[in-house]
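Just so you know, the sequence shown maps onto residues 2 to 484 in the working numbering.
Ideal Cβ placement from N, Cα and C applies to all residues, glycine included.
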Amino acid sequence: MNKTFDTIFEQAQRAFLMYKSISVKKKAQFLREIAIGLENIKDNLIPLASSESNLPEGRITGELGRTVGQVRLFANLIEEGSWVEATIDHADPERSPAPKPDIRRHLTPIGPIVVFGASNFPLAFSTIGGDTVSALAAGCPVIYKAHPAHPETSRLVAKVIEEALSKSDLPQGIFTHVEGGIPEGQELVKHPIAKAVAFTGSHVGGKALFDIASQREEPIPVFAEMSSVNPIITLKNILKRELESLAKSYVASLTLGAGQFCTNPGLIFIPETFEKEFAELVKSELNEVASAPMLHEGIAKSYYSALEYFQERPELEWIKVSGKKDMIKSQPALAKISSEDWLKDSTFQQEVFGPFAFMIVYKDENELLEVATKLKGQLTISIWGDENELQENLILISLLQEKCGRLLFKGVPTGVEVGHAMQHGGPYPSTTDSRSTSVGAYAIKRFARPIAFQDMPQSLLPEALSDSNPLGIWRMVNGEFKK
């Protein structure tokens, strides 16, 4: 084991024993200091992140706003306090045939968390992204493994977090910035002090970390967001009315960020009666999309390798073929296949990271039910139909609910709202734990576990469980929610 990592984890564990017990107000203020620090460096941070990621400054500006917003969301969340699920069942010594004990339960932080940064979001899913900030809000120290695609951006943001710790008079062991490659990442996951892992990236990377964590002497949870093709299923009546606008929306979503969002729609199912018209509209829109730089050469190479593989498949008819292979820029592509052929081979469900999709042509509702049964787990599934059509397809909707974390009835899957109700996680292989989310308020619960206290003296109880409720939070008391 790396001695440096031993030191890092030992410092994190010592910090944890203090940090988990400090006041909610102090934790929230620490998070707000981070938000202020990010805003103070935006003039340097935005061009730096843009230059390292090949993403336009406008996109990075929006991502910074999202990042600052989610930091403040968690500060507000922990101050409100009900996320800890405080539950109290009072004692009844007179109960017969046996006295009832006093039992009180809440969520408590689990310990040091290993967080891996993502390549496609240098701010919102990286150093102080949703994984890091939700772990810090829960009361857990973070050992952050920087993504090599944007090292200087990560170092600059890490400095903001370290300065916020100093201003808040908190130990530096609460956050540690680590760099390295695959071996270093594996060592972090194997370290016996680590209590959980958060990861955003490829299926290969996430599954490898999951396997390592499962084989430890003390297995730990891995919350990995991995692979999703985010299918869109279209029904006939809505296409009759909105075909052109839906084609435009689809292409805009498919090519957003050069197709490098985890929610880009890589599959779209079209009824055969609209096959030709929709294909022509989409092709026309795709022809207007300029090639765009990808995050780095490795991603561009993987994108074109995937297209070359699929171009050898006889089942596919190419509506839009990408142009000349580029070492960094992507060009959009679209291939058509019948649902009959699509159903035969799960290869056509593989994610291609970039602006490429399959258009699957189906005959009738029975084929759609087969499709829904065969679909793998997804972050999102969208179904476009008018209200009458949706009422006629309740079995389809029920099947789709089993295959995704977020089911959309209008709009496109790109554009993930950061709020209290968002679910950004779904059945395998989209994530390793469909019960969790990596975006929104409920992300905090990944890094906490329940603990119950039986007949604990009032003087020893955590504030969240004390009779006087000094935090003023909503709690379930004897089966009723109360303040």
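Please give the ranges of any alpha helix (DSSP H) in the stretch 174 to 243, keeping only runs that are unbroken, at least 4 residues long and fully inside the region.
The stretch 174 to 243 contains, as complete alpha helix (DSSP H) runs of 4+ residues, the segments 183 to 191 and 204 to 215 (chain order).
K146 in three-state terms, based on DSSP:
Annotated three-state conformation of K146 is strand, per DSSP.
Distance, Cα to Cα, V478 vs K484?
One alpha carbon belongs to V478, the other to K484, and they sit about 9 angstroms apart.
On a Cα-Cα basis, can you pick out the residue from Q30, T432, A214 and G378 that is closest to I79?
The residue from Q30, T432, A214 and G378 with its alpha-carbon nearest to that of I79 is Q30.
Return the CA-CA distance between V252 and V85, expressed in angstroms with no decimal places.
42 angstroms
Assigned secondary structure, Y429 (DSSP; H/G/I helix, E/B strand, else coil)
coil
DSSP three-state assignment for G406, whether helix, strand or coil
G406 sits in a strand when the DSSP states are folded into three classes.
Assess, as a yes-or-no matter, whether the stretch 427 to 441 is touched by the stretch 224 to 231 under the definition of 3 or more beta carbon pairs within less than 8 angstroms.
yes
Quick one: any contact between the stretch 322 to 334 and the stretch 303 to 311, if contact means 3 or more CB pairs under 8 angstroms?
yes
Alpha carbon to alpha carbon, how far is F410 from M423?
15 angstroms
Within 8 angstroms, strictly: CB atoms of K1 and G118:
This structure leaves residue 1 out entirely; the chain is present only between 2 and 484.
Using 8 angstroms as the limit for Cβ to Cβ distance, is N121 near chain C?
Looking for chain C here will not work: only one protein chain is present.
Given this structure, state the Cα-to-Cα distance separating D365 from P272, to the nearest angstrom.
7 angstroms
Using 8 angstroms as the threshold, is the C-beta distance between R106 and A453 below it?
yes
Are the stretch 205 to 217 and the stretch 243 to 258 in contact at 8 angstroms, needing three or more beta carbon pairs?
no
Taking the alpha carbon of R67 as the point to measure from, which residue in G181, F126 and Q173 has its own alpha carbon closest?
F126
Does Q312 come out as helix, strand or coil in the three-state DSSP assignment?
The answer is coil: DSSP assigns Q312 none of H, G, I, E or B.
With a 10 Å radius around its C-beta and 16 neighbouring C-beta atoms as the bar for buried, classify D132 as buried or exposed.
buried
So F75 is in the alpha helix (DSSP H); what residue range does that whole segment cover?
E58 to E81
In terms of DSSP beta bridges, what is P84 paired with?
Here the sequence assigns Trp to residue 84, which means Pro is not the residue at that position. Partner(s): none; W84 has no beta bridge.
Per DSSP, what kind of secondary structure is V25 in: helix, strand or coil?
In the structure shown, V25 adopts helical secondary structure according to DSSP, grouped into three states.
Just to confirm, are A259 and P142 a CB contact at a threshold of 8 angstroms?
Not closer than 8 angstroms, so no.
Proximity below 8 angstroms, CB of S439 to CB of T201
Yes, Cβ-Cβ distance for S439 and T201 is below 8 angstroms.
Taking W385 as the reference, give the member of L236, E81 and G112 with the closest Cα.
The option with the nearest alpha carbon to W385 is L236.
In chain order, which beta strand (DSSP E) runs of at least 3 residues are fully inside the stretch 436 to 470?
449 to 455
So, is H91 buried or exposed, given that buried needs 16 or more other C-beta atoms within 10 angstroms?
When all chains shown are included, H91 counts as exposed.
Counting along the chain, where does the beta strand (DSSP E) carrying A334 start and finish?
A334 to S339
What is the DSSP secondary structure of P414, counted as helix, strand or coil?
coil
For K28, does the count of other Cβ atoms within 10 angstroms reach 16, so buried, or fall short, so exposed?
buried
Can you give the Cα-Cα distance for P149 and N55, rounded to whole angstroms?
14 angstroms
Give a yes or no on whether the C-beta atoms belonging to L369 and L344 are separated by under 8 angstroms.
no
Pairs of beta-carbons, one from the stretch 59 to 78 and one from the stretch 186 to 200, closer than 8 angstroms: are there three or more?
no
Which residue from A444, N238, I162 and V353 puts its Cα closest to that of A224?
Position check: residue 224 holds Phe in this sequence, whereas Ala was assumed. Comparing Cα positions, the closest option is A444.
Spatial neighbours of Q455 in its chain, beta-carbon cut-off 6 angstroms, leaving aside the 5 residues before and after:
P102 and I104
Residues bridged to D387 [DSSP beta-bridge criterion]:
For D387, which the question treats as bridged, DSSP gives no partner whatsoever.
In terms of alpha-carbon separation, which member of K191, G207 and L257 lies closest to E218?
K191
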